[in-house]
Amino acid sequence: MKSGGAIERLVRELSGLPGIGPKTAQRLAFYLLSASPEIGHNLAQAILEARNSIKYCSVCANLTDKDPCRLCDDVNRTPDVICVVQDSKDVMAMEKSHGFRGLYHVLHGALQPSEGIGPDQLSIRQLLKRLEGDKVKEVILATNSNVEGDATAMYLARIIKPLGIKVTRIAHGLPVGSYLEYADQITLAKAMEGRREMQ
Amino acid sequence: MYLIKTEIYNFRNYAHELFLPDQHVNLITGRNAQGKTNLLEAIYVGTAGNTFRTNRFTETINRQSENTKISYLFNTAGGTFSVFFELNSNGKKLIMVDGQKVNPGKSLPFPAAIVFTPDDLDIVKGSPARRRKYIDFELGLLDFSYRYYYQQYQKALYERNNLLKRAKSRNIDNDLLEIWNHQLIDTGSRLIYKRLQLLKKLVPLVKDLFLQLTGGGEGLEIKYYSSLKISLNMEYDQISNLFFHEIAAIKAEECARGLSLKGPHRDELIFYIDSTEARQYGSRGQQRTIVLALKLALIELWKKETDDYPILLLDDVLQELDAGRQSFLFKKIQGQVQTFITTSSEREIKQFSDNLNNVIKVAGGKLGQEE
Ligand SMILES: Nc1ncnc2c1ncn2[C@@H]1O[C@H](COP(=O)(O)OP(=O)(O)OP(=O)(O)O)[C@@H](O)[C@H]1O
Ligand SMILES: [Mg+2]
Ligand SMILES: [Zn+2]
Chain R
87 MKSGGAIERL
97 VRELSGLPGI
107 GPKTAQRLAF
117 YLLSASPEIG
127 HNLAQAILEA
137 RNSIKYCSVC
147 ANLTDKDPCR
157 LCDDVNRTPD
167 VICVVQDSKD
177 VMAMEKSHGF
187 RGLYHVLHGA
197 LQPSEGIGPD
207 QLSIRQLLKR
217 LEGDKVKEVI
227 LATNSNVEGD
237 ATAMYLARII
247 KPLGIKVTRI
257 AHGLPVGSYL
267 EYADQITLAK
277 AMEGRREMQ
Chain Y
511 MYLIKTEIYN
521 FRNYAHELFL
531 PDQHVNLITG
541 RNAQGKTNLL
551 EAIYVGTAGN
561 TFRTNRFTET
571 INRQSENTKI
581 SYLFNTAGGT
591 FSVFFELNSN
601 GKKLIMVDGQ
611 KVNPGKSLPF
621 PAAIVFTPDD
631 LDIVKGSPAR
641 RRKYIDFELG
651 LLDFSYRYYY
661 QQYQKALYER
671 NNLLKRAKSR
681 NIDNDLLEIW
691 NHQLIDTGSR
701 LIYKRLQLLK
711 KLVPLVKDLF
721 LQLTGGGEGL
731 EIKYYSSLKI
741 SLNMEYDQIS
751 NLFFHEIAAI
761 KAEECARGLS
771 LKGPHRDELI
781 FYIDSTEARQ
791 YGSRGQQRTI
801 VLALKLALIE
811 LWKKETDDYP
821 ILLLDDVLQE
831 LDAGRQSFLF
841 KKIQGQVQTF
851 ITTSSEREIK
861 QFSDNLNNVI
871 KVAGGKLGQE
881 E
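Protein chains in written order, with the numbering used here: chain R, 87 to 285; chain Y, 511 to 881.
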């Protein structure tokens, strides 16, 4: 294979995806090239289309194809409770558990000095904006229950509590150090019920 | 607990071997570089899901193969259980206990083996980091949540150090520093508290064994030396209070140096024999006796805490002990602890042949039983 060639580039791009090692990337690449041309074209088009139409919701920062997103737009949801999560996939996990009918806010990460992630790199300012006025009565912090998630929750509690809003932390019934996306639906719903006010 | 059988595929220089050890003392002999230590390592993998020899676990995969597979059958007080272990060249591990997948990142739900190699002399002779390793990775195994807090503390420490490093070049964000202080104090105090609890149980056993080993001649003292002004009877709350005040007092220095200067990562154990520090002044024989006492104490504590004995793996250490210590060791393990002993100089252990239930000859990655 000539270095910098088209095949090699494809393998390189594929192996940059989460969960895909160099061997799998190679297998995928050769499959795409040997299978019927539509398969590759359709995939490429789907990626482009999604990429170009998906953006961040200007309210909750979740990934969406329309702004505001369907969740923010849903009149059946209680607007006075906001559940703060680290990632879009946490919203999906939470929705699957049917344990929550309020609104969400997606931080897109957690405080992590080693990666240069401070408050400005997260959607915190956007969250504070939503808390202006007195529409919101409670903020539920559902960041991961590991060191970074706890630090982020603590930071948020410190800046939100002075606004006179109730701040709760999702109960640690979750498997320690785990991510919301791995928690099963029952534990998530339980964690939501057992949330405690942060001091 | 003991190993009933293990079947090894493509591990180190073993292609495929079935090993049926004795429930008591197994002597593994053979010339150098034949696979004696490799066999101990394979047994250890089944108890810990990891190796005691290297940081690059994948180098244990046979050089001709893509992956290693080892299956084990163990017996415990509560019945038998099987372990299946697989390691791939990309570093991926699969561990199954009784057919159920377990998370290799977490501690395994069964007891580990205790390893004793000549390098363990460094627990006494080596750096403070080596002594912390003894606490964190040997003693800590006895407490299921220890490993968890250990990992959380390492993470908090790493993030806080990164924050402090940035503070060297610009002003530190005090809100953020307080948040990371909290994480450090919370996990660190738990770790110190757990260490003190474990040491409270271990130290009397070590001192007693040391007295027995030296015929009552010398007294051993073990002190937990902390970077915080703690006393041994403090509760978690008291430790975290102290931690809070002590790092508040050195804020300027930590920011200037970009480093966390206090906490369990700075603490260590100090051994004294008759009031002099064994690390510097102890003879080699004395140092070796301390390590033997530490290992035997761990076995006793294990039995007390879990109501079962761990497996003991002795790699090339028996021949380093004199006849008196060898027979002391055999007396302690006899009939109770399944033990695997490697040696390339069988002669030096022969005088204890009464104690050997099974002798295995290893040559070129092949196991052979000896009559
Ligand atoms: N991944 C591997 N694949 C194949 N062979 C390996 C692998 N790793 C180590 N070996 C071989 O295993 C041998 C060493 O085995 P081991 O460490 O068990 O020796 P030993 O019998 O304990 O010897 P000693 O008496 O010197 O301690 C060496 O020949 C080494 O090349
Ligand atoms: Mg060896
Ligand atoms: Zn939205």
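Heads up, the beta-carbon is just placed ideally off N, CA and C, and yes, glycines get one too.
As the structure is a prediction and not an experimental result, all values here were calculated from the model.
Restricting attention to R/T238, R/V222, R/L217 and R/D159, the CA atom closest to the CA of R/L193 is found in R/T238. Taken in chain order, the complete beta strand (DSSP E) segments of 3 residues or longer contained in the segment 762-828 of chain Y are 778-783 and 821-825. Annotation for Y/S699: the continuous alpha helix (DSSP H) segment containing it runs N684 to L723. The beta carbon of R/M178 does not come within 7 Å of any beta carbon belonging to chain Y, so the residue lies off that interface. Chain-order list of chain R residues neighbouring Y/K665: N232, V233 and E234, by C-beta distance under 8 Å.
The beta carbons of Y/S750 and Y/S699 sit about 4 Å from each other, so the pair counts as a contact at 8 Å. Judged by DSSP secondary structure, Y/F850 falls within the beta strand (DSSP E) whose first and last residues are T849 to T853.
For Y/E669, the closest Cβ of chain R is nearer than 7 Å.
Under a criterion of Cβ atoms nearer than 7 Å, the residues of chain Y adjacent to R/M240 are, in order, I689 and H692. In this structure, the C-beta of Y/T547 approaches ligand 2 to less than 6 Å from one of its heavy atoms.
The beta-carbon of Y/L604 is placed no less than 7 Å from the nearest beta-carbon of chain R.
If only complete runs of 4 or more residues are kept, the segment 172-241 of chain R shows the alpha helix (DSSP H) at 174-183 and 210-216, in order along the chain.
Distance from R/C158 to R/F186 at the Cβ level is roughly 14 Å; contact not present, criterion being Cβ atoms closer than 8 Å. From the listed residues Y/K704, Y/T852, Y/L808 and Y/A639, the smallest Cα separation to Y/D825 is found for Y/T852. Not a single CB atom of chain R sits nearer than 7 Å to the CB of Y/Q748. Across the structure, R/Y117 and R/V233 are spaced so that their CA atoms are roughly 41 Å apart.
For R/Q112, none of the residues of chain Y pass the 7 Å Cβ criterion, the least Cβ distance being about 13 Å. Sequence-distant partners of Y/P628 (beyond 5 residues in either direction) whose C-beta falls short of 7 Å from its own C-beta, in its chain, are D826, V827 and E830. Note: Y/N585 is bridge-paired with Y/Y512 and Y/T590 in the DSSP secondary-structure output. Residue pairing of Y/F521 in beta bridges, as defined by DSSP: Y/Y524 and Y/I571. The C-beta of Y/K805 has 16 or more other C-beta atoms within 10 Å across all chains shown, which makes the residue buried. Residue pairing for R/E283: DSSP places it in a beta bridge opposite R/T254. Of all residues in the segment 568-601 of chain Y, only N600 place a beta-carbon less than 9 Å from a beta-carbon of chain R. Shown here, Y/T627 sits in coil according to DSSP, grouped into three states, outside any helix or strand. A direct Cα-Cα distance of roughly 34 Å separates Y/L822 from Y/Y668. Chain Y has a Cβ within less than 7 Å of the Cβ of R/P199. Nearest to Y/L528 by C-alpha distance, out of Y/T516, Y/R522 and Y/G545, is Y/T516. In this structure, Y/V555 places its C-beta atom within 7 Å of the C-beta atom of Y/F595.
In this structure, Y/Q544 has its CB closer than 6 Å to one or more heavy atoms of ligand 1. In terms of beta-carbon proximity, R/A243 stays away from the interface with chain Y, with every pair separated by 7 Å or more. Annotation: Cβ neighbours of R/A237 in chain Y (cutoff 7 Å, chain order): I689, W690 and Q693. For the 7 Å CB-CB criterion, R/L249 and R/L197 do not form a contact. By the beta-carbon neighbour count (other beta carbons within 10 angstroms, threshold 16), Y/L597 is buried. Listed along the chain, the chain Y residues whose CB falls inside 7 Å of the CB of R/G107 are N600. Straight through space, the alpha carbons of Y/E764 and Y/P774 are spaced by roughly 16 Å. Following the DSSP letters along the chain, one finds Y/A873 inside the beta strand (DSSP E) bounded by residues N868 to A873.
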